[in-house]
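Chemist: Just so you know, the sequences run in chain order A and B. Counting from 0, one number per residue, gives the positions in the first sequence under numbering that gives the first Met the number 0. Counting from 0, one number per residue, gives the positions in the second sequence under numbering that gives the first Met the number 0. Ideal Cβ positions, reconstructed from N, Cα and C, are used throughout, including at glycine.
Protein chains: 2
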Amino acid sequence: MGTRERRTRERAEREQRILAVGRRLLLERSFAGLTMDRVAEKIEYSKGIVYKHFTSKEDLICGMTAEFLAEILGFFRRAAVFHGSTRERLTAIVVAAQLHFKLAPDQFEVQQISTMDATTARASAPRKAEVERLTAQLLEFFRALADEAVRDGDLTLSSATARDTLVHGAWCMLAGAETLGRHERLRRIFKHTDLDAALRRNLQAFLDGHGWKPLSRRHDYEDTAQRVLREVFPQESLRAAETDPDARQARHAP
Amino acid sequence: MGTRERRTRERAEREQRILAVGRRLLLERSFAGLTMDRVAEKIEYSKGIVYKHFTSKEDLICGMTAEFLAEILGFFRRAAVFHGSTRERLTAIVVAAQLHFKLAPDQFEVQQISTMDATTARASAPRKAEVERLTAQLLEFFRALADEAVRDGDLTLSSATARDTLVHGAWCMLAGAETLGRHERLRRIFKHTDLDAALRRNLQAFLDGHGWKPLSRRHDYEDTAQRVLREVFPQESLRAAETDPDARQARHAP
DNA sequence: ACTTTTTGTGACGCTTCGTCATATGATGCC
DNA sequence: GGCATCATATGACGAAGCGTCACAAAAAGT
């Protein structure tokens with residue numbers, strides 16, 4: 000009989016609910032407000048059950064991170080089918096990441112917390128492995144595109160490790176801008192700058208510097224970015240625009 | 000009589016000791032091991048006194064952040080007197096930041112924690128203001144160099160905001176690489192890459208992309224970086240090399 | 001109907017934060 | 001010196017969260 004399957008399915012569903020509740024708590028009441036007791040209360044089970052799923056609070060955070068990464072991976076997959084040069088497709092991926100960050104504002108804090116060594120240290124091994132696997136998969140998109148660009152002759156690298164140098168740079172810039180660069184303090188200092196547009200512009204400059212063709216003087220990648228939003232993520236980009244009203248504000252001097 | 004002055008001086012000294020103890024605890028026992036009771040014990044005062052200096056644990060973290068930023072600022076000031084083009088001086092500043100990160104491994108975690116909104120929210124207003132002031136001062140170095148480059152004709156910007164776009168990009172890349180990019184997980188994924196050299200290389204590519212002259216094809220900025228280490232930070236770079244032995248390992252395939 | 005296994009509970013011990021009533025000592029005034 | 005006043009310092013205490021575990025309830029098996 001299918002009892003066994005039903006059991007595991009119910010278990011998986013409960014795990015999803017825990018993650019969802021955790022996410023909501025984090026968004027509404029911030030890190031300090033996310034407590035295991037509260038999670039237990041919201042899912043209408045006792046605390047012991049929560050601990051059956053996640054061995055510690057850090058493990059839960061880790062689980063939330065994995066969920067986010069999986070979502071981003073989904074966005075990447077959709078962005079990857081965009082037609083165009085390797086560099087256009089790289090742009091599409093970056094736009095996808097940006098979009099996901101905007102749609103999931105809670106991700107900001109989760110990412111922040113989960114990159115702390117102290118957090119990672121207390122998470123369970125399998126969960127940590129999953130996060131690492133997903134991260135590697137995300138980076139694989141960058142690597143594959145770079146390799147393809149080299150094959151096409153659009154990119155020339157000085158040695159085998161230079162590909163990872165490039166990938167690392169792109170990742171740092173993207174992740175750095177979305178986490179550190181989004182912090183309230185920094186935002187105040189850069190209050191006259193549209194940080195989303197800045198990131199895209201800077202990444203293009205970075206790619207130009209590495210000589211990834213066609214260079215941005217030959218192609219309007221901001222146009223590509225807008226096309227990706229319209230063609231690949233029509234609903235999502237609408238939703239993002241609604242959520243974040245000041246993204247609509249023109250930033251020109253009055 | 001100088002009683003009053005002695006008092007304030009002793010108070011300031013004690014605050015320094017609290018910060019130093021906090022730093023040591025964080026390094027040795029990581030974030031969870033940093034408790035206010037432990038700090039009190041180590042400075043040989045009661046907990047109430049610690050709370051007279053720092054209104055909360057987060058406030059202490061914030062204070063430690065300010066201390067780090069002040070140190071980096073000192074490094075920047077020293078690096079800024081390096082003779083050369085604006086781009087060489089920018090390189091010098093980046094090298095200074097890299098060096099400081101290497102010399103103060105505890106900074107990694109502090110930075111990480113203090114960029115969380117939850118942390119900032121619980122810190123005292125004056126301390127937060129100081130951190131923001133110092134951050135702005137650090138960024139001012141970048142802005143000033145960019146402005147000077149524009150005046151010299153070494154850099155051409157499309158509009159007034161583009162300068163801050165560039166500065167933001169450089170900052171994200173630097174800070175992103177030193178915090179996110181240093182995480183154990185990422186390091187494993189990029190295990191064959193020298194991340195320090197990668198950051199320097201990527202930043203130069205970024206500057207090339209923005210057309211900051213002289214371009215890296217015209218000048219060996221890795222050489223500039225090494226010169227800065229030798230000429231401006233001779234002792235510090237030696238100390239960094241000792242502390243971090245695997246920085247010496249050549250990363251070429253065997 | 002009775003045993004075994006799985007699933008679920010929440011009181012409990014422990015740790016930490018941050019406070020506050022109280023103690024201790026310094027300073028000023030007569 | 002004796003007394004009042006203020007600053008400085010203490011650590012016991014309440015509150016809150018984490019994670020555990022002995023026990024309870026329910027389900028599966030026989």
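If you compare alpha carbons, which of THR160/A, GLU131/A and LEU133/A is closest to ALA145/A?
Modeler: Nearest neighbour of ALA145/A by Cα position, chosen from THR160/A, GLU131/A and LEU133/A, turns out to be THR160/A.
Chemist: Residues in the stretch 112 to 132 of chain A with C-beta within 9 Å of chain B's C-beta atoms, listed in sequence order?
Modeler: ILE112, THR114, MET115, ASP116, ALA117, THR118, THR119, ALA120, ARG121, LYS127, VAL130 and GLU131
Chemist: Ends of the alpha helix (DSSP H) at TYR50/B?
Modeler: 46 to 52
Chemist: Hey, ALA224/A and VAL94/A: beta-carbon distance below 8 Å or not?
Modeler: Taking 8 Å as the cut-off, the Cβ atoms of ALA224/A and VAL94/A count as close.
Chemist: Residues of chain A with CB closer than 9 Å to the CB of GLU108/B, please, in chain order.
Modeler: For a Cβ distance threshold of 9 Å, residue set MET115, ASP116 and ALA117 of chain A lies close to GLU108/B, ordered along the chain.
Chemist: Using only the alpha-carbon positions, how far apart do LYS212/A and LEU198/A sit?
Modeler: 19 Å
Chemist: For GLU221/A, which of helix, strand or coil comes out of DSSP?
Modeler: helix
Chemist: Just checking: is the beta-carbon of GLU66/A within a distance shorter than 8 Å of some beta-carbon in chain B?
Modeler: By this cut-off, GLU66/A is not an interface position.
Chemist: Select from the stretch 22 to 35 of chain B all residues with a C-beta closer than 7 Å to any C-beta belonging to chain A, and list them in chain order.
Modeler: SER29, PHE30 and ALA31
Chemist: Flag this pair as touching only if the stretch 193 to 208 of chain B and the stretch 51 to 67 of chain B have three or more C-beta atom pairs under 8 Å; answer yes or no.
Modeler: Contact between the stretch 193 to 208 of chain B and the stretch 51 to 67 of chain B is absent, because fewer than three Cβ pairs lie under 8 Å.
Chemist: Does the beta carbon of GLY175/B come closer than 8 Å to any beta carbon on chain A?
Modeler: yes
Chemist: Once DSSP output is grouped into helix, strand and coil, what is the label at GLU43/B?
Modeler: Three-state DSSP puts GLU43/B in coil, outside helix and strand.
Chemist: Grouping DSSP H, G and I as helix and E and B as strand, with all else coil, what is LEU102/B?
Modeler: Of the three classes helix, strand and coil, the one that applies to LEU102/B here is helix, per DSSP.
Chemist: On a CA-only basis, which of GLN106/B, ALA169/B, THR242/B and PRO125/B is nearest LEU202/A? Give me that one, please.
Modeler: ALA169/B
Chemist: At a CB-CB cut-off below 7 Å, which residues of chain B make contact with ILE188/A?
Modeler: THR134, ALA135 and LEU138
Chemist: Thinking C-beta only, is ALA122/B closer than 8 Å to GLU70/B?
Modeler: no
Chemist: Check whether the Cβ of CYS171/A lies closer than 8 Å to any Cβ atom in chain B.
Modeler: yes
Chemist: Mind checking which residues open and close the alpha helix (DSSP H) that includes ASP146/B?
Modeler: 124 to 151
Chemist: Ordered along the chain, which non-local residues of its own chain (more than five positions away) have a Cβ less than 6 Å from that of LEU26/B?
Modeler: ASP105
Chemist: Can you check which of these residues, ARG8/B, LEU237/B, ALA31/B and VAL38/B, is closest to GLY21/B by C-alpha distance?
Modeler: VAL38/B
Chemist: Output yes or no for whether 8 Å exceeds the beta carbon distance between ALA148/A and THR85/A.
Modeler: It is a contact, given that the beta carbons lie within the stated cut-off.
Chemist: Since THR64/B is in the alpha helix (DSSP H), which residue starts that stretch and which ends it?
Modeler: 56 to 79
Chemist: LEU59/A versus chain B: which residues are under 8 Å apart at the beta carbon?
Modeler: Here the premise fails: no neighbours, minimum Cβ distance about 16 Å.
Chemist: For chain B, check one thing: does any of its Cβ atoms lie closer than 8 Å to the Cβ of HIS99/A?
Modeler: no
Chemist: Hey, how far is the Cα of PHE140/A from the Cα of LEU214/A?
Modeler: 20 Å
Chemist: With DSSP collapsed to three states, give me the class of SER113/A.
Modeler: helix
Chemist: Would GLY83/A pass as an interface residue toward chain B - the criterion being a Cβ-Cβ separation below 8 Å?
Modeler: It does not; no Cβ of chain B falls within 8 Å.
Chemist: Just the C-alpha distance for ILE17/A and HIS167/A, rounded to the nearest angstrom, thanks.
Modeler: 33 Å
Chemist: Closest to LEU185/B by C-alpha separation, out of ASP36/A, GLU87/A and LEU133/A, would be which residue?
Modeler: LEU133/A
Chemist: By how many angstroms is the C-alpha of GLU183/A removed from the C-alpha of HIS99/B?
Modeler: Per the coordinates, the alpha-carbon of HIS99/B lies some 24 Å from the alpha-carbon of GLU183/A.
Chemist: Tell me whether the beta-carbon of GLN111/B lies closer than 8 Å to the beta-carbon of THR178/B.
Modeler: In this structure, GLN111/B lies near THR178/B, with their beta-carbon atoms less than 8 Å apart.
Chemist: Would you please verify whether the beta carbon of GLY180/A is less than 8 Å from any beta carbon of chain B?
Modeler: yes
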